[in-house]
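This report concerns only the one structure given below.
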Amino acid sequence: MSTHTQLIESLRQIVGASNVLTDGDLTPWVQDWRKRETGKALAVVRPGSTPEVAAVVKACAAARVSIVPQGGNTGMVVGSTPDASGTQVVLSLTRMNKVRTLDAGNLTITVDAGCVLQNLQEACEKAGFLFPLSLASEGSCTIGGNLGTNAGGTQVVRYGNTRDLCLGLEVVNAQGEIWDGLSGLRKDNTGYDLRHLFIGSEGTLGVITGATMKLYPMPKSQLTAFAAVPSLEAAVELLGLAHQHLGSGLTGFEVMGQFALSLVAKHFPQQRVPFWQEHAWCVVLENSDNESEAHARECFERLLEAAMEAGCVVDAVVAESMAQAHALWHIRESIPMAQAEEGLNIKHDISINVSRIPEFVTETNALLLERFPGARMVVYGHLGDGNLHYNVQAPENEDQARFLNEQETPMNALVYEAVDRYRGSISAEHGVGSLKVNTLPKHKSPVALDMMRAIKQGLDPQNLMNPGRVLKA
Ligand code: FAD
Ligand code: 2HG
Ligand code: ZN
């Protein structure tokens, strides 16, 4: 029996034969969400418990077979699917989807890593609490994947990234040992904070199997407004006013360029998109208030009045009901799908100091159009966090696959050089995966990369955990 056949036999014994997939259509596990790559797996393994994960990792390590941890497979940077070799095991956490405990007094919830984000949000809501992580992929992404990528989303301006919401982790390390770091402690200075090594490591250091996350009180009222602004400068001015007027009530601040909104209007005509035809930019803002709906409305009205007086808002609607609020948010959240409908595209998930974003966009748009005439910029994102999705669609009527093939590398170079000039980041929230693994060394200091390699070498000396992602061997 070959080593691989023996390994598959052992995996069947550990998780049950029906949870080791080797035949049939494995597309959902081996193709990434953006359909950039389709890999080939030796097997897709679906453990049902942490001891099973540990046994799977031990068996793979003994056979020197590498592992690709996978949650909902909604990642944007080709990090959760196997390479083309047919020698990697996809370790899917989706069967481990339980809420373990909710401690109302400690404001924490402990869950399995495969728990779908929306189910986690709903469990918290049922107990009267808010779990504030919010992404358009929340119906299928998992908390393990959110932690693996340190996902951002639309509430970061108030609650921070996934990292900021996590108090403790349970991890199976590359040797197949279980580290029980589940903790609800808000203070613990007993040496290196290992949890933060695994958060954002994209499955390259170990498998997250459980997590303790923070809960927040449910705000009394959440109001949403959709505003037309004359320029990106005006959007930044509005953000400043929103901080002043709403304080910690400001829980969402998203910007959307006209072309991005036009794609939603074109591909999802059932959605009514306000203002996009007349105005270059729109903003969605959210105010969460702990007093009352009336107070929330009052604060919002004062803000919008001040903004109109200052000329940084030209028109605005405030949602009258939760259904309207959802509809306004749905417009923003539909942009990635609308882009996918429009065809293949180039994504730049970048962050820059908020104050310099307008200058960056003006300068980079000009450079791009000079070099790639007709390129269509799809600019939108989490302006409140200085995180733009500065994406590009091929010129109209151009063969999109050819455009991507020929122009993605030089276009990325141009955009990322601009990001460097502004001391920004080439991956604000999506991670590195395999898509940016060759680009990262050009934009990260050699000292930082050496320290990252030392951590990888220390924790995964055989390079079996998601190799070739984040760092090249
Ligand atoms: P996967 O895609 O399965 O995996 C992502 C990475 O994490 C991989 O490297 C994988 O190996 C690793 N991983 C997964 N599970 C584990 C685990 N248990 N232990 C260790 N490593 C693990 N991202 C944002 O940050 N903000 C957004 O606003 C946002 N919006 C999105 C909207 C849409 C429509 C889509 C499709 C995606 C969006 N994303 C966004 C990207 C994506 O949803 C997030 O990166 C999410 O956190 C991935 O979770 P997942 O469970 O799908 O992980
Ligand atoms: C979002 O903010 C996601 O909608 C996806 O991070 C961004 O598709 C993208 O570029
Ligand atoms: Zn985003």
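Numbering (numbering that gives the first Met the number 0), first residue to last: 0 to 472.
Think of the CB as a built atom: it goes at the ideal place given N, C-alpha and C, for glycine as much as any other residue.
The structure presented is a predicted model; accordingly, all values stated were derived computationally and were not measured.
Spatial neighbours of residue i within its chain, please: C-beta separation below 6 Å, excluding the five flanking residues on both sides.
i    : result
V77  : D31, R35, E36, G432, S433 and L434
G147 : E201 and G202
H347 : Y389 and V414
R11  : V19
E477 : Because the chain here runs from 0 to 472, residue 477 falls outside it and cannot be looked at.
H266 : A337 and E340
A306 : L237, L240 and V312
P46  : V14, V52 and V55
P216 : none
G248 : N286, S287 and D288
G199 : N149
G380 : N386, L387 and H388
S220 : D288, E292 and A295
A417 : T363
T21  : A42
K57  : G175
S79  : Q69 and N72
Within a Cβ cutoff of 7 Å, which residues of the same chain sit near residue i, ignoring the five residues on either side of it in sequence?
i    : result
C123 : I108, L129, F130 and L214
S261 : W275
G385 : S350, I351, N352, V353 and I356
D419 : H442
S426 : D348 and K435
P81  : V29, G38, K39, A40, V67, Q87 and V89
L25  : A40 and V43
Per DSSP, which one or two residues make a beta bridge with residue i?
i    : result
N344 : Q392
S424 : S350
N386 : S350 and H381
T73  : Paired residue(s): none; T73 is not in a bridge.
L222 : N286
W178 : V170
V55  : In the DSSP output, where bridge partners are listed per residue, V55 has none listed.
Q30  : T37
K213 : T107
P68  : L90
L20  : V43
E253 : V283
R375 : Q392
M464 : I66
V228 : W280
Excluding the five sequence neighbours on either side, which residues of its own chain have a C-beta within less than 8 Å of the C-beta of residue i, listed in chain order?
i    : result
H3   : L41, A62, V64 and T86
W280 : A227, V228, P229, S230, L231, A233, A234, V254, M255, G256 and Q257
R375 : F258, V391, Q392, A393, P394 and E395
Q5   : A62
So residue i is in the beta strand (DSSP E); what residue range does that whole segment cover?
i    : result
D288 : W280 to D288
T361 : Looking at the DSSP string, T361 is not in any beta strand (DSSP E); the run it does join, the alpha helix (DSSP H), is I356 to R370.
V89  : Q87 to S91
A42  : A40 to V44
V317 : D314 to V317
Compute the beta-carbon to beta-carbon distance between residue i and residue j, rounded to the nearest angstrom, for a pair I have assumed lies under 8 Å.
i    : j    : result
E51  : V14  : 5 Å
L132 : T93  : That belief does not hold up - the Cβ atoms of L132 and T93 are roughly 18 Å apart, past 8 Å.
V478 : T250 : What is shown of the chain runs 0 to 472, which leaves residue 478 out entirely.
E113 : N96  : It should be noted that the sequence gives Gly, not Glu, for residue 113. That belief holds up - the Cβ atoms of G113 and N96 are roughly 5 Å apart, short of 8 Å.
F252 : V316 : Going by Cβ atoms, the distance from F252 to V316 rounds to 16 Å, so no, they are not a contact pair.
P394 : G373 : 3 Å
L343 : Q399 : 4 Å
L134 : G152 : 4 Å
C140 : G70  : 6 Å
L470 : M450 : Actually they do not touch by this definition, with Cβ atoms about 11 Å apart.
V282 : W328 : V282 to W328, Cβ: 12 Å. No contact.
G478 : F197 : The structure shown has nothing for residue 478, since the chain only spans 0 to 472.
N411 : T438 : 6 Å
Mind checking which residues open and close the alpha helix (DSSP H) that includes residue i?
i    : result
N145 : I142 to T148
C165 : Counting along the chain, C165 falls outside any alpha helix (DSSP H), though it belongs to the beta strand (DSSP E) covering C165 to N172.
I454 : P445 to L458
R99  : Counting along the chain, R99 falls outside any alpha helix (DSSP H), though it belongs to the beta strand (DSSP E) covering V98 to D102.
L262 : Q257 to H266
C298 : E292 to A309
L132 : Per DSSP, L132 belongs to no alpha helix (DSSP H) and is neither H nor E.
C123 : L116 to K125
Q5   : T2 to V14
E201 : Careful: E201 lies outside any alpha helix (DSSP H) and carries neither H nor E.
R63  : It is not in any alpha helix (DSSP H) - R63 carries neither H nor E in the DSSP assignment.
L470 : Premise fails: L470 is in no alpha helix (DSSP H) and is neither H nor E.
L327 : M321 to E332
H442 : L439 to H442
Chain-ordered list of residues that sit, by beta carbon, closer than 7 Å to a heavy atom of ligand 3: G151, G152, D348, G380, H381, N386, H388 and E428
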